Amino acid sequence: MNSYNSIASDVKLGEDVRLSKFINLYGCQIGNETRIGAFVEIQKNASVGSRCKISSHSFICEGVRIEDNVFIGHGVMFINDSYPRATAPNGGLQTEADWKVERTVIKKGASIGSGATILSNICVGENAIVGAGSVVTKDVPSNAIVAGNPARVLRFIESPEKNSDTDPVPFLDLVTPHLELESELVSVFRRGLRTAGFVGGSMVEEFENAFATFCEAGQSIGVNSGTDALRFALMAAGVLPGDVVLTVPNTFIATTEAISQAGAVPELVDINEHTLNMSVERLQHYLETSCERNSSGQLISLRSRRRVSAVVPVHLYGQMADMDPILRLANQYGLVVIEDACQAHGAEYFSRDLNRWMKAGSMGRAAAFSFYPGKNLGACGEGGAVTTNDAALAATVRMLRDHGQSKKYYHDIEGYNGRLDAIQAGLLSVKLPHLARWNAQRRDRAADYKRLLADNEAIGLPYEPSWSRSVYHLYVIRSRDRVAMIDHLKAAAIGTGIHYPIPLHLQKAYGSLNYERGAFPVAEQVSAEIVSLPMFPQLTVEQQARVVEEVMAFSSHSLQETVR
Ligand SMILES: Cc1ncc(COP(=O)(O)O)c(C=O)c1O
């Protein structure tokens, strides 16, 4: 301390606090070993923790609480009043009684760069970094690096206190991608509120155009879920009530629900044991042995005596079904192909027939996508889309989603309330430009899983044929000891999933389809063995290493048990 300073008698100074010159402190509290540079003012009821560094010319006003180990650069300004005024309503100068002090907290370990301004009512999270010259207008998440005016999250850093050996690894992290895009996402809400454009309009059209371009399809029509996308696509493609639609037993129930909701009946063919998608051989076998042509040349299922009109290959887990032979068979038997691409935004397939890579959603008569939040492209609520190159089909889907009207109050058919919400469309437009990068990150993580788990003979890894570029919506391995493996991973705080534990023909809901256990042996065997490991674009190398380590530890432990 020295004579150039003004330190009021009510200041609580900790031990070994080091003060420079020209410092003005009153009514505040400073923790042990903190260092304060020249020309700093700290007002009453402000507090600074231990081992902080407050650089010269910074202003820390009433209402600010700075926790331990915080770095404040030069000339940092805090503000504690959202509506500062010089005078009171009576015309006189404001006094303390006229303003309400708003609080600001800088959590431990954070750093505030020189020249930053921190508005009131803000919390800067633990270990966050605020770039020099930033204007912080809203809370900063822990470990975030923010910069700019207004400050935006640039990226996240690993917390130095993080113990990656024991930290939980979630099955899916839906928080981080939204924090990274928070300010852009929030401005979509603002645009919605300020224009009251909640249903239809430019936000929906902009997204539809961008998504059609992404899928390399002629058109995309936004609807309110993947289930509706599939239902409307089937109906618009000419599937009639009472028809049979072919699909697979190992998919989410929405695939068969949509078939039933279109008035048709699902009949199933087994899957390929490697790709876990529709088996071309089983489809061919079904068409050749379980169907006949009637006198009008229609294909009739021998099982149900109904007309077979469509096939729905599901691009499960992010990998496209083997579309060339499926399209050839469908063509030969006069069936419409509707892709269930709800898990495959951006997946690619090398068509040997067309000699080029094709995107999911561009190969069938139409395709259905889901924007359920956990999907590779997810809304912040429900959403879906149909893609197609067929303009007439697209026009019918547009009518079906909107009460069957071609223009307001002119109802050509009876339709549904199945529109994509405008705010969801706006949020999806913010996310869509990031999808290719997120998919590439998923593929990187999948390649790492493959490399790191390659020597583990107790598990089966996903199979990606040379004609496929999967987008790994899920990373699904196979284990004969699935329950114990999931328990082991759970005990190590690692999240897993099962997609799906009971094949559809054995679900209670489909008892009336009269399929026996054993009808689809591959799907039945697979559903008893599959485990989905953590997979999302922001999965860190450290988190993945922990998952791999625990899967390996489990396998070697269970191997020893078997040997014993
Ligand atoms: C394969 C598959 N089909 C259809 C759907 C239905 O999508 P939504 O939940 O948006 O209705 C989903 C979604 O989970 C799905 O995974």
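With the working numbering, the residue at position 25 of the sequence shown is 25, and numbering never jumps. Note that the Cβ used here is the ideal one computed from N, Cα and C, for glycine as well. Note that the coordinates shown come from a computational prediction; the quantities given were computed from them, not determined experimentally.
Item, Value
"So the beta strand (DSSP E) residue 356 belongs to, where does it begin and stop?", "356-359"
"Less than 8 Å between the beta carbons of residue 307 and residue 316, yes or no?", "no"
"Going residue by residue through the region 53-127, where are the continuous beta strand (DSSP E) segments of at least 3 residues, counting only ones entirely within it?", "64-66 and 104-106"
"For residue 259, count neighbouring Cβ atoms within 10 angstroms of its own Cβ and tell me buried if that reaches 16, exposed if not.", "buried"
"DSSP three-state label for residue 291, please.", "strand"
"Cα separation between residue 493 and residue 168?", "5 Å"
"Would you say residue 397 touches ligand 1, meaning its beta carbon is less than 7 Å from a heavy atom?", "no"
"By how many angstroms is the C-alpha of residue 385 removed from the C-alpha of residue 394?", "11 Å"
"Just to confirm before moving on: does the CB-CB distance between residue 249 and residue 268 stay below 8 Å?", "yes"
"Note down, one range per segment and in chain order, each beta strand (DSSP E) of at least 3 residues found wholly within the region 447-490.", "475-479"
"Could you spell out the range, first to last residue, of the beta strand (DSSP E) harbouring residue 340?", "336-340"
"Counting along the chain, where does the alpha helix (DSSP H) carrying residue 521 start and finish?", "521-527"
"Do the region 526-540 and the region 435-445 meet, that is, are 3 or more Cβ pairs less than 8 Å apart?", "yes"
"Report yes if the C-beta of residue 254 is less than 7 Å from at least one heavy atom of ligand 1; otherwise report no.", "yes"
"Are the region 279-286 and the region 316-336 in contact at 8 Å, needing three or more beta carbon pairs?", "yes"
"Could you give the distance in angstroms between the alpha-carbon of residue 121 and the alpha-carbon of residue 80?", "7 Å"
"Name the residue from 264, 134 and 126 whose alpha carbon lies nearest to the alpha carbon of residue 301.", "264"
"Spatial neighbours of residue 198 within its chain, please: CB distance less than 8 Å, with the 5 preceding and 5 following residues excluded, ordered by chain position.", "192, 421, 422 and 423"
"If residue 243 and residue 416 are in contact, beta carbons under 8 Å, what's the gap, nearest whole angstrom?", "The Cβ separation is near 19 Å, so there is no contact."
"For residue 18, write down the residues that DSSP places opposite it in a beta bridge.", "35"
"Could you pull the start and end residues of the alpha helix (DSSP H) that residue 333 belongs to?", "323-333"
"Can you tell which of 20, 125, 143 and 7 has the C-alpha that lies nearest to the C-alpha of residue 29?", "7"
"May I ask which residues mark the beginning and end of the alpha helix (DSSP H) holding residue 177?", "175-180"
"Measuring straight from C-alpha to C-alpha, what distance separates residue 474 and residue 52?", "45 Å"
"Given 8 Å as the limit, is there contact between the region 77-92 and the region 44-62, that is, 3 or more CB pairs closer than that?", "yes"
"Could you check if residue 341 is buried or exposed, using at least 16 other CB atoms within 10 Å of its CB as the buried criterion?", "buried"
"If distances are taken between C-alpha atoms only, which option among 55, 66, 136 and 88 comes closest to residue 114?", "55"
"Under a Cβ-count criterion, where at least 16 other Cβ atoms within 10 Å of its own Cβ denotes burial, should residue 157 be classed as buried or exposed?", "exposed"
"Measure the beta-carbon distance from residue 208 to residue 221 and round it to whole angstroms, keeping in mind my assumption that it falls under 8 Å.", "6 Å"
"Go ahead and pull the three-state DSSP assignment for residue 209.", "helix"
"Apart from the five residues just before and just after residue 563, which ones in its own chain have a Cβ nearer than 8 Å to its Cβ?", "At residue 563, the pLDDT of 49 sits below 50, so the modelled position is not reliable; the number obtained from the coordinates is stated separately. Excluding residues within five positions, none has a Cβ falling inside 8 Å."
"Assign residue 175 to one of two classes, buried (16 or more other C-beta atoms within 10 Å of its C-beta) or exposed (fewer than that).", "exposed"
"Residue 640 and residue 217: beta carbons closer than 8 Å?", "Residue coverage of the chain in this structure runs from 1 to 564, which leaves residue 640 outside it and unanswerable."
"CB of residue 457 to nearest heavy atom of ligand 1: below 7 Å?", "no"
"Does at least one heavy atom of ligand 1 sit under 7 Å from the Cβ of residue 319?", "no"
"Is the beta carbon of residue 134 sitting closer than 8 Å to the one on residue 125?", "no"
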